[in-house]
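Chemist:
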Amino acid sequence: MASLKGKTIFITGASRGIGEEIALCAAKEGANIVIAAKSDQPHPKLPGTIHSVAKAVEEAGGKTLAIKLDIRDEDSVVAAMAEAARHFGGIDILVNNASAISLTDTANTPIKRFDLMMDVNARGTFACSQAALPYLKKADNPHILMLSPPLNMQAKWFKRHTAYTMAKYGMSMCVLGMSEEFKADGVAVNALWPCTVIGTAALAMLDGLVKPENCRTPAIVAEAACAIFKQDSKACTGNFFSDEEILRKKGVVDFEQYAVDSTKP
733 MASLKGKTIF ITGASRGIGE EIALCAAKEG ANIVIAAKSD QPHPKLPGTI
783 HSVAKAVEEA GGKTLAIKLD IRDEDSVVAA MAEAARHFGG IDILVNNASA
833 ISLTDTANTP IKRFDLMMDV NARGTFACSQ AALPYLKKAD NPHILMLSPP
883 LNMQAKWFKR HTAYTMAKYG MSMCVLGMSE EFKADGVAVN ALWPCTVIGT
933 AALAMLDGLV KPENCRTPAI VAEAACAIFK QDSKACTGNF FSDEEILRKK
983 GVVDFEQYAV DSTKP
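The structure is reproduced here in structure tokens:
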């Protein structure tokens, strides 16, 4: 596929950060973007709402539908997919980007926070994929993309934030199962994960755990995602891609352009 023009992309957690950047990247090619997120009103600490992103997407050349959505609510998820399909005539691509994060160890992770991460990351991803499937089956070159890491069972990836890793790996396990399950229908299911920490407003709230000079901008993930969407869904499925891997295959050699602090790429 040479272009995303006319394709309908449903993106969860699209009111800011990586979700917003994927929306803008695809909009530049003329895609229809469903901006699904909880933030329909300004957040006291975080930038962006579904409406501000909708405006930016339209200015970039895309068509939009903004839907207030909490992916923990099954009925709302089903209704949102139906609304998107009615509005644009179908759904071609689902991006499971919405995520809850708490980089805390076991002793410092309240069960309420554990439940939030599992409900949003693992359960929410499953619910959105399930609800989108009937529409994706009717699409030409349908894709589901999870923003989740490769399944590495080394203890070091769990040690400092067991609950968060469990929740994100729940998303990745959906890739394993669904890619095989949906193969006969030609629906691709892949994961994408950054090689470095991505500088977003949400990460900036993590009490100094992330240094901006060590981060890249969300643009690198967005460009990689849009490249994946153009792959043949029947041939490209069940993969755990990194952003840099995808862009290197596209011929990108200058990665300093994605540095938050260009003096420290």
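Residues in the sequence shown are numbered consecutively from 733, following our numbering.
Where is the CB? At the ideal position from N, CA and C, for every residue including glycine.
Can you grab the Cα-Cα spacing for the pair Leu797 / Phe890, in whole Å?
Modeler: Approximately 38 Å between the Cα atoms of the pair.
Chemist: Fully enclosed by the stretch 829 to 912, which beta strand (DSSP E) runs are 3 residues long or longer?
Modeler: As far as the stretch 829 to 912 is concerned, its whole beta strand (DSSP E) runs of at least 3 residues are 875 to 878.
Chemist: So, is Ala816 buried or exposed, given that buried needs 16 or more other C-beta atoms within 10 angstroms?
Modeler: Label assigned to Ala816: buried.
Chemist: For Pro874, count neighbouring Cβ atoms within 10 angstroms of its own Cβ and tell me buried if that reaches 16, exposed if not.
Modeler: Counting Cβ neighbours within 10 Å, Pro874 comes out buried, since at least 16 surround it.
Chemist: List, from N- to C-terminal side, the beta strand (DSSP E) runs of 3 residues or more that fit wholly inside the stretch 766 to 821.
Modeler: DSSP runs (the beta strand (DSSP E)) wholly in the stretch 766 to 821: 795 to 800.
Chemist: Would Val985 be called buried (16 or more neighbouring beta carbons within 10 Å of its own) or exposed?
Modeler: Looking at its Cβ environment, which holds fewer than 16 other Cβ atoms inside 10 Å, Val985 is exposed.
Chemist: Helix or strand or just coil, what does DSSP make of Phe914?
Modeler: Note: Phe914 maps to coil in three-state DSSP.
Chemist: Which residues does DSSP pair with Ser974 in a beta bridge?
Modeler: Ser974 pairs with Trp925.
Chemist: Should the stretch 884 to 898 be called in touch with the stretch 802 to 820, which here means at least 3 C-beta pairs below 8 Å?
Modeler: No contact exists between the stretch 884 to 898 and the stretch 802 to 820.
Chemist: So the candidates are Phe987, Ala786, Thr897, Glu761; which of them puts its Cα closest to the Cα of Ser771?
Modeler: If we check each option's Cα against that of Ser771, Ala786 comes out closest.
Chemist: Which residues does DSSP list as the beta-bridge partners of Thr744?
Modeler: DSSP, once it has assigned bridges, lists Ala768 as partnering Thr744.
Chemist: Which residues bound the alpha helix (DSSP H) around Glu753?
Modeler: Segment 749 to 759, the alpha helix (DSSP H) holding Glu753.
Chemist: Please name the residue or residues paired with Ile960 in a DSSP beta bridge.
Modeler: None, per the DSSP bridge assignment.
Chemist: Could you tell me whether any Cβ in chain C is nearer than 8 Å to the Cβ of Arg948?
Modeler: Of the chains in the structure shown, none is chain C; there is only one protein chain.
Chemist: Would you mind stating whether Leu877 and Leu924 have Cβ atoms separated by less than 8 Å?
Modeler: In contact: Leu877 and Leu924 (Cβ atoms closer than 8 Å).
Chemist: Rounded to whole angstroms, what is the Cα-Cα separation between Thr857 and Ala763?
Modeler: Between Thr857 and Ala763, the C-alpha separation is close to 22 Å.
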